[in-house]
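Counting from 1, position 62 in the sequence shown corresponds to residue 62 in full-length UniProt numbering; the numbering is continuous, with no gaps. Each residue gets a CB set at the ideal place from its N, CA and C atoms; glycine is no exception. Accompanying notes for the structure given below.
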Amino acid sequence: MDAKEIESKAKALGKASAQKEPATVIVGLLKELQTGVRASEDLLRRTKIGVVVNKFKTSQAPEVARLASEIVSKWRNEVNKQKQGGGTAASRASNSPRPPQNGTGASTPASATPSDKASKLSVPPDKRTWKADGVDTAVSGSRVRDSCIGLMYDGLCVGSTESPKTVLSMAAAVEKAAHTYLGPETKPEYKEKMRSLFQNLKNKSNPTLRVQVLSGDITPDKFVRMTSDELRSEQQRAADEAIKKKNMNDAMVAQAERSISTSLQCGKCGQRKVTYTEAQTRSADEPMTLFCTCLNCGKSWRQ
Numbered sequence: 001m002d003a004k005e006i007e008s009k010a011k012a013l014g015k016a017s018a019q020k021e022p023a024t025v026i027v028g029l030l031k032e033l034q035t036g037v038r039a040s041e042d043l044l045r046r047t048k049i050g051v052v053v054n055k056f057k058t059s060q061a062p063e064v065a066r067l068a069s070e071i072v073s074k075w076r077n078e079v080n081k082q083k084q085g086g087g088t089a090a091s092r093a094s095n096s097p098r099p100p101q102n103g104t105g106a107s108t109p110a111s112a113t114p115s116d117k118a119s120k121l122s123v124p125p126d127k128r129t130w131k132a133d134g135v136d137t138a139v140s141g142s143r144v145r146d147s148c149i150g151l152m153y154d155g156l157c158v159g160s161t162e163s164p165k166t167v168l169s170m171a172a173a174v175e176k177a178a179h180t181y182l183g184p185e186t187k188p189e190y191k192e193k194m195r196s197l198f199q200n201l202k203n204k205s206n207p208t209l210r211v212q213v214l215s216g217d218i219t220p221d222k223f224v225r226m227t228s229d230e231l232r233s234e235q236q237r238a239a240d241e242a243i244k245k246k247n248m249n250d251a252m253v254a255q256a257e258r259s260i261s262t263s264l265q266c267g268k269c270g271q272r273k274v275t276y277t278e279a280q281t282r283s284a285d286e287p288m289t290l291f292c293t294c295l296n297c298g299k300s301w302r303q
């Protein structure tokens, strides 16, 4: 895809967003960019396509936000690799097939090429686990820590098309940050944090969290220090706020006025400090029912 085609896609994305087109339309355009663009720093600067796609990372549609984050992460890594490889030569290399890479020693995540992903992913994205991907999580020398790395891997890989090597690298980085922050691994705080992070990562209502951690938008050090409120999605916080507001409004609704009688006597404490309300619970030709509460001991009855 050349620069002119990319600019055309950028305009189409902007138009789709402005007209509030369905998420499927935006996902289709993003997938065309994901497969058709061979990113270089010059190309991204000229077309400004990175800026356009980056805006969709905050989309309320989870599939749009996830895909946009993956694309931005992929382009960023491709440009970084080109810089490390030496400009034009690296750019030429990025357009040719790359040999498969082995090992898991990288300290920071790097996006794999599509051919690398296709050759390594043997299960659907929603069925991935470290066991299904055939990953060796024994990288720390501690059985407890390696188990937590596997836990982080299972949380990060759900629904992702990133290579096992990339996911394992980030899982190990998150565990290392948690161990530094709350370790050693024998402390309850460390184990509780790892379980909490896993639960938040696999939460289906918050898919952007996984993408942000995998892409590096949320660093491992920041991730392990986030509070439970910070880990929730904007949609979850908005829903909680709506419930809180509703409960507050309900609490402010005027309650039925209760009369106070000195003629009614509490059968428990004998006091004549009794409040009551009346309601017609029987037929219209029968007396109303009194619902009574003693102000002294709290006993309630009806008569």
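Give the secondary structure of residue i by DSSP, where H, G and I count as helix, E and B as strand, and everything else as coil.
| i | result |
| --- | --- |
| W301 | strand |
| E278 | strand |
| L264 | coil |
| C157 | helix |
| T180 | helix |
| L290 | strand |
| S40 | coil |
| L59 | It should be pointed out that residue 59 corresponds to Ser in this sequence rather than to Leu. Residue state, collapsed to three classes: coil. |
| G103 | Residue placement at G103 is poorly supported in this model, since its pLDDT is 41, which falls under 50; the coordinates still yield a value, given next. G103 falls in the coil class under three-state DSSP. |
| S147 | helix |
| T228 | The question names Thr, yet the displayed sequence has Ser at residue 228. Here S228 sits in helix by DSSP. |
| S140 | coil |
| S8 | helix |
Report buried or exposed for residue i, applying the criterion of at least 16 other Cβ atoms within 10 angstroms of its Cβ.
| i | result |
| --- | --- |
| T166 | buried |
| S263 | exposed |
| G298 | exposed |
| T88 | Note on T88: pLDDT 43, under 50, position unreliable in the model; no value is reported. |
| E78 | buried |
| V123 | exposed |
| A242 | exposed |
| residue 305 | The chain is shown from 1 up to 303; residue 305 falls before or after that span and cannot be answered. |
| I26 | buried |
| A239 | exposed |
| K57 | buried |
| Q235 | exposed |
| K244 | exposed |
| A138 | exposed |
My assumption, with CB atoms under 8 Å, is that residue i sits in contact with residue j. Please give the rounded CB distance.
| i | j | result |
| --- | --- | --- |
| S272 | T289 | Ser is not the amino acid found at residue 272; the sequence shown has Arg there. Actually they do not touch by this definition, with Cβ atoms about 20 Å apart. |
| E185 | R145 | 5 Å |
| G150 | P125 | Not confirmed; about 18 Å, so no contact. |
| V211 | P164 | Actually they are not in contact, since the Cβ atoms of V211 and P164 sit about 17 Å apart, beyond 8 Å. |
Leaving out five residues before and five after residue i in sequence, what residues of the same chain have Cβ atoms less than 8 Å from its Cβ?
| i | result |
| --- | --- |
| T47 | A3, I6, E7, A10 |
| F198 | L151, M152, D154, G155 |
| M194 | C148, L151, M152, E175, A178 |
Near residue i, what residues of its chain come up, given a Cβ to Cβ distance below 6 Å and the 5 sequence neighbours on each side ignored?
| i | result |
| --- | --- |
| A12 | L29 |
| V224 | A177, A178, Y181 |
| T129 | D154 |
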